[in-house]
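Q:
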Amino acid sequence: MSESLLFSPTTVGPLSLRNRIVMAPMTRCRAVHANQANALMAQYYAQRATAGLIVTEGTATSPNGAGYVRMPGIWSQEQVDAWKPVTKGVHDAGGHIVVQLMHTGRVGHRHNLPKGAEVLAPSAVAAPGEMYTDAAGMQAFAVPRAMTSSEVETARDEFVSAARNALAAGFDGVELHGANGYLIEEFLSPVTNLRDDGWGGSVEKRLRFPLEVAQAVAQAIGGDRVGIRLSPYGASVGMTAYPEIDETYQTLVARLVATGIQTVHLVDHSSMGAPEVPSALKRALRLAWPRTFLVCGGFDRLSAEAELSEGRADLVGFGRPFIANPDFTTRLAKGLALTAADGTTFYTSGPEGYTDYLTA
Ligand SMILES: Cc1cc2nc3c(=O)[nH]c(=O)nc-3n(C[C@H](O)[C@H](O)[C@H](O)COP(=O)(O)O)c2cc1C
Numbered sequence: 000m001s002e003s004l005l006f007s008p009t010t011v012g013p014l015s016l017r018n019r020i021v022m023a024p025m026t027r028c029r030a031v032h033a034n035q036a037n038a039l040m041a042q043y044y045a046q047r048a049t050a051g052l053i054v055t056e057g058t059a060t061s062p063n064g065a066g067y068v069r070m071p072g073i074w075s076q077e078q079v080d081a082w083k084p085v086t087k088g089v090h091d092a093g094g095h096i097v098v099q100l101m102h103t104g105r106v107g108h109r110h111n112l113p114k115g116a117e118v119l120a121p122s123a124v125a126a127p128g129e130m131y132t133d134a135a136g137m138q139a140f141a142v143p144r145a146m147t148s149s150e151v152e153t154a155r156d157e158f159v160s161a162a163r164n165a166l167a168a169g170f171d172g173v174e175l176h177g178a179n180g181y182l183i184e185e186f187l188s189p190v191t192n193l194r195d196d197g198w199g200g201s202v203e204k205r206l207r208f209p210l211e212v213a214q215a216v217a218q219a220i221g222g223d224r225v226g227i228r229l230s231p232y233g234a235s236v237g238m239t240a241y242p243e244i245d246e247t248y249q250t251l252v253a254r255l256v257a258t259g260i261q262t263v264h265l266v267d268h269s270s271m272g273a274p275e276v277p278s279a280l281k282r283a284l285r286l287a288w289p290r291t292f293l294v295c296g297g298f299d300r301l302s303a304e305a306e307l308s309e310g311r312a313d314l315v316g317f318g319r320p321f322i323a324n325p326d327f328t329t330r331l332a333k334g335l336a337l338t339a340a341d342g343t344t345f346y347t348s349g350p351e352g353y354t355d356y357l358t359a
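Under numbering that gives the first Met the number 0, the first residue of the sequence shown carries the number 0, and numbering increases by one thereafter.
(1) In whole angstroms, give me the CA-to-CA distance for T329 and I53.
(2) Assuming Q46 is part of the alpha helix (DSSP H), what are its boundary residues?
(3) Can you tell me whether DSSP reads A59 as helix, strand or coil?
(4) Helix, strand or coil for Q261 per DSSP?
(5) So, do the stretch 40-53 and the stretch 11-30 have three or more beta carbon pairs nearer to each other than 8 Å?
(6) Report all residues from its chain with a CB closer than 8 Å to the CB of R205; omit the five preceding and five following residues, and keep chain order.
(7) Taking the beta carbon of G334 as the centre, do at least 16 other beta carbons fall within 10 Å, making it buried, or is it exposed?
(8) Could you give the uninterrupted runs of the alpha helix (DSSP H) lying entirely in the stretch 261-291, keeping only those of 4 residues or more?
(9) Taking just the CA atoms, how far does A305 sit from A339?
(10) Return the first residue and the last residue of the alpha helix (DSSP H) that E203 is part of.
(11) DSSP three-state label for E129, please.
(12) Just to check, is the beta-carbon of T103 closer than 7 Å to a non-hydrogen atom of ligand 1?
(13) Please go through the same chain and pick out, in chain order, the residues whose beta-carbon is closer than 7 Å to the beta-carbon of T239, but skip the five residues on each side of it.
(14) How is the alpha helix (DSSP H) around G88 delimited, first residue to last?
(15) Below 8 Å between beta carbons: does that hold for R228 and A161?
(16) Which stretch, first to last residue, makes up the alpha helix (DSSP H) that contains A154?
(17) To the nearest angstrom, how far is it from the Cα of Q138 to the Cα of E117?
(18) By Cβ distance, which residues of its chain are closer than 6 Å to L314, with the 5 residues on each side in sequence left out?
(19) Buried or exposed: which applies to Y241, given that a residue is buried once 16 or more other Cβ atoms fall within 10 Å of its Cβ?
Dropping the structure here:
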């Protein structure tokens, strides 16, 4: 067998990773108290620290951005302190960890949000369907309130303070959640952005929020500690493709180069039922990106090695396999069988289906 690239060390900005395996961000809803991380979460991440890099679950930048039930946040000092044992546990085990900064935008419900928070989005366009709340079970998505331009600026600034908080909590960096239909993608897409002010109305203006967030966060904490996750052609919570989608992502990635951010994380959710990201678009984005290119979605050992050896990526993310295989990295290296994850405990609270999966 030819030499493994997946298990070879690499660098990402200032970080020296021991392999090119990334644990993909996964919401697990275990932050049962006040949107704070806790000892159970610290155990979960430390168990998985043999990944070269962990990207945490989506973590709210603001009370308005904490639309999911039991979702952690990183806007307050208490939350920063609560994350410290998580980052320490991963570092003590020789791993690296960045936090995924997420504002849920229209994908929220008042029952899930902290007191006084509000479901805000670029435009008053409700997501289709329902979401789970602890207080009242499944609830239809409400029509979000369209942000004023000063609220847009506030949301941008909340990403910046959350990024500063991330470093204070001991994270190695941040990933901006620009994927899966949340606030950043809601600005990008004409499906959810119907604005006709400076933040919408043309491809150029729809790019403004993602670019300003990336620029401001890079300025605040150093671009080499910043990445962004993108999901063109994603079908999460009502997102759909649109005629100028390729142009939108190609222009976005080309413009992101100047912000100095380190990583573009491209996710293809065709393994989860979304349309495939056209390979021409993947190629164009990869070619346009001069720094770390991370891909994710449906990979196994063979396809991940091919992705690296054929130059389509520098790092490969794995999501679901990490849920039921805390030692996924070792199992992959040794060719050991993988345990199947139990989907019924993905978003419950407590250790069951979270920290109680065994190593091989
Ligand atoms: C339980 C679960 C929670 C997820 N939560 C997030 C999230 O918080 N942020 C995100 O960007 N993607 C999230 N995803 C998507 C994963 O990061 C990943 O892209 C997806 O699972 C495809 O990769 P895989 O085929 O290796 O599982 C989630 C996926 C699962 C299964």
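Note that CB positions come from ideal geometry on N, CA and C, so glycine has one too.
A: According to the data block:
(1) Counting from 1 along the sequence shown, the entry for residue 329 is found at position 330. Counting from 1 along the sequence shown, the entry for residue 53 is found at position 54. Going from the Cα of T329 to the Cα of I53 covers about 15 Å.
(2) Within the sequence shown, residue 46 is the residue found at index 47, counting from 1. Here the alpha helix (DSSP H) through Q46 covers A38 to Q46.
(3) Locating residue 59 in the sequence shown gives position 60, counting from the first residue. In the structure shown, A59 sits in a strand (DSSP, three-state: E or B).
(4) Taking the sequence shown and counting its residues from 1, one reaches residue 261 at position 262. Three-state result, Q261: coil.
(5) yes
(6) For the purposes of this step, residue 205 is identified with residue 206 of the sequence shown, where counting begins at 1. Excluding residues within five positions, the ones whose Cβ falls inside 8 Å are F186, L187, S188, P189, N192, W198, G199 and T247.
(7) On the sequence shown, position 335 is the one that residue 334 refers to. Burial call: exposed.
(8) 278-287
(9) Here residue 339 refers to the residue found at position 340 of the sequence shown. Here residue 305 refers to the residue found at position 306 of the sequence shown. Their backbone Cα atoms lie some 24 Å apart in a straight line.
(10) Taking the sequence shown and counting its residues from 1, the one referred to as residue 203 is at position 204. E203 -> alpha helix (DSSP H) spans V202 to R205.
(11) For the purposes of this step, residue 129 is taken as residue 130 along the sequence shown, with counting starting at 1. The answer is strand: DSSP assigns E129 an E or B state.
(12) Indexing the sequence shown from 1 puts residue 103 at position 104. Not under cutoff, so the answer is no.
(13) Position 240 of the sequence shown, counting from 1, holds the residue named residue 239. Excluding sequence neighbours, T239 sits near V190.
(14) Counting from 1 along the sequence shown, the entry for residue 88 is found at position 89. Where G88 is concerned, the enclosing alpha helix (DSSP H) stretches over Q76 to D91.
(15) Counted from its first residue, the sequence shown places residue 228 at position 229. Counted from its first residue, the sequence shown places residue 161 at position 162. Not a contact, by the Cβ cut-off of 8 Å.
(16) By one-based count along the sequence shown, residue 154 stands at place 155. Taken as a continuous stretch (DSSP letters only), the alpha helix (DSSP H) holding A154 covers S148 to A167.
(17) Within the sequence shown, the letter at position 139 stands for residue 138. Within the sequence shown, the letter at position 118 stands for residue 117. Looking at the two C-alpha atoms, the distance is approximately 16 Å.
(18) Position 315 of the sequence shown, counting from 1, holds the residue named residue 314. Only R19, V21 and L293 meet the Cβ criterion.
(19) Here residue 241 refers to the residue found at position 242 of the sequence shown. So Y241 counts as exposed.
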